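Scroll down for the structure; my scribbles are underneath it.
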Amino acid sequence: MTKHLSPEKLNERRIKAVQLRLDGLTVVQVCERTGLSAPTVSAAWKAFREGGWAAVPVRPRGRHKGQANVLAPALKATLWQCLHELPPVGEPGWNSADLAQCLEKAHSQPVSQRAVEHWWEEEHLKREAWPLGSLSKERSMRGRWYRQAVAPVFKQLNSAAQRWQGGVRHLSHPDGSLYQIYLHGSRGRLWMRSFRRPPVAEDYLITLKALAANGPAALVFHGAALSAAPELTAWLAAQRDFWLVPVPADIGLVPGESVRAGAKSTVFNNCISNGCVPHNRASNNPDSNSKQVKR
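In terms of my numbering, the sequence shown is residues 225 to 519.
Set out below in structure tokens:
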């Protein structure tokens with residue numbers, strides 16, 4: 225059905241398909257309006273859920289002529305600028321696709337997502353996703369926490385794209401202190417935001433609203449007890465299809481966390497002043513944490 229379409233036309237229809245799905249149309253209805261096959265519509269929708277609008281167009285394979293793999297200092301400076309700004313509308317943070325697009329727009333030079341991800345690694349911004357599924361049969365405190373707090377929520381969500389995990393952390397950097405909110409979607413895809421000061425409740429709220437905007441979702445979060453912030457608690461209480469699952473600080477889910485005691489105190493104290501309470505001041509019992517899940 226799409227073999228006769230040029231890449232440009234195909235991408236136009238894929239974007240249109242996602243727009244129609246957001247408007248509430250079924251896959252069958254979208255197929256009728258766009259002329260795309262059901263698998264193509266589903267693939268476009270899945271790409272949007274996992275990577276935002278930047279991931280919807282089909283990209284040609286291989287590297288474009290002149291595409292940068294090792295980033296020049298000017299491009300790296302632009303990446304830092306982007307990470308400290310609000311992410312694209314509707315996104316919970318910056319992913320490698322959006323950052324590559326930002327560089328191309330600013331410098332008129334194609335840049336691969338892989339080059340961006342290499343830069344993440346160089347700057348110690350990249351964070352691996354937690355293997356939550358492997359905790360289901362663990363006979364440990366964190367296994368018990370997973371079965372009681374996480375599994376019941378995840379069972380209500382059919383798609384892996386609806387199950388998020390993430391946290392907030394402090395990083396030492398040559399240019400000064402850096403605070404990062406990081407998120408992992410399905411297949412471990414990474415989103416992030418960076419701050420020169422500890423994130424406040426409004427920063428977290430922007431992230432949560434973006435996650436909830438695309439339908440039912442859950443977030444397993446480490447580093448700050450978001451459900452203790454008054455404005456966040458009020459927002460969570462109004463959500464019928466969004467769940468927040470806090471990670472207890474003492475279950476060992478984040479081994480080797482590179483947050484110094486003083487830096488962690490700064491993050492948490494700032495959270496307290498803006499309505500967030502650190503996990504080490506909340507109950508660390510897996511049962512009590514499971515009750516903090518907001519719906």
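Even glycine gets a Cβ: it sits at the ideal position worked out from N, Cα and C. Quantities reported herein were computed from a predicted structural model and do not represent experimental measurements.
The C-beta of ALA324 has 16 or more other C-beta atoms within 10 Å across all chains shown, which makes the residue buried. Here THR250 is exposed, its C-beta having fewer than 16 other C-beta atoms within 10 Å. For ALA267, the closest of VAL242, LEU246, ARG257 by C-alpha to C-alpha distance is VAL242.
Listed as beta-bridge partners of GLN463 by DSSP are no residues whatsoever. Non-local beta-carbon contacts of PHE419 in its own chain, meaning distances under 6 Å to residues more than five positions away in sequence, involve TYR403 in chain order.
Assignment of beta-bridge partners to ARG417 by DSSP yields ILE405. Of the candidates PRO422, TYR428, ALA384, ALA384 places its Cα closest to the Cα of HIS408. When DSSP states are grouped into helix, strand and coil, TRP318 belongs to the strand group.
Judged by DSSP in its simplified three-state form, HIS331 adopts helix. Per the coordinates, the alpha-carbon of ALA321 lies some 6 Å from the alpha-carbon of ALA278.
Three or more Cβ pairs drawn from the region 455-468 and the region 429-446 lie within less than 8 Å of each other, which places the two stretches in contact. Burial is judged here by how many other beta carbons sit within 10 angstroms of a residue's own beta carbon; ASN319 has at least 16 and is buried.
If you draw a straight line from the Cα of LYS433 to the Cα of GLU362, it is about 33 Å long. Around the beta carbon of PRO398, fewer than 16 other beta carbons sit within 10 angstroms, so the residue counts as exposed. Here DSSP, grouped into helix, strand and coil, assigns TRP388 to strand. Listed as beta-bridge partners of HIS446 by DSSP are GLY391. Cβ-Cβ separation between GLY276 and PRO334: approximately 19 Å, too far for a contact (criterion under 8 Å). When rounded, the separation of the alpha-carbon atoms in ARG366 and ALA473 is 10 Å. Taking 8 Å as the cut-off, the Cβ atoms of TYR406 and ARG351 count as close. Sorting GLY391, TRP304, HIS348 by C-alpha distance to the C-alpha of VAL444 places GLY391 at the top. DSSP lists VAL444 as the bridge partner or partners of VAL469. Across the set CYS326, VAL471, THR431, the C-alpha of THR431 shows the shortest separation from the C-alpha of LEU456. Around the Cβ of LEU327, a 10 Å sphere holds 16 or more other Cβ atoms; the residue is buried.
Each of GLY447, LEU429, ALA458 was checked against the Cα of GLY317, and the nearest Cα belongs to LEU429. Secondary structure at ARG366: helix, using DSSP grouped into helix, strand and coil. Pairing VAL469 with VAL340 gives a Cβ-Cβ distance that is not under 8 Å. For ASP427, the secondary structure class from DSSP, reduced to helix, strand or coil, is helix.
From the listed residues ARG417, GLN386, ARG413, the smallest Cα separation to HIS394 is found for ARG417. When only Cα atoms are considered, PRO355 and ASP427 end up about 26 Å apart.
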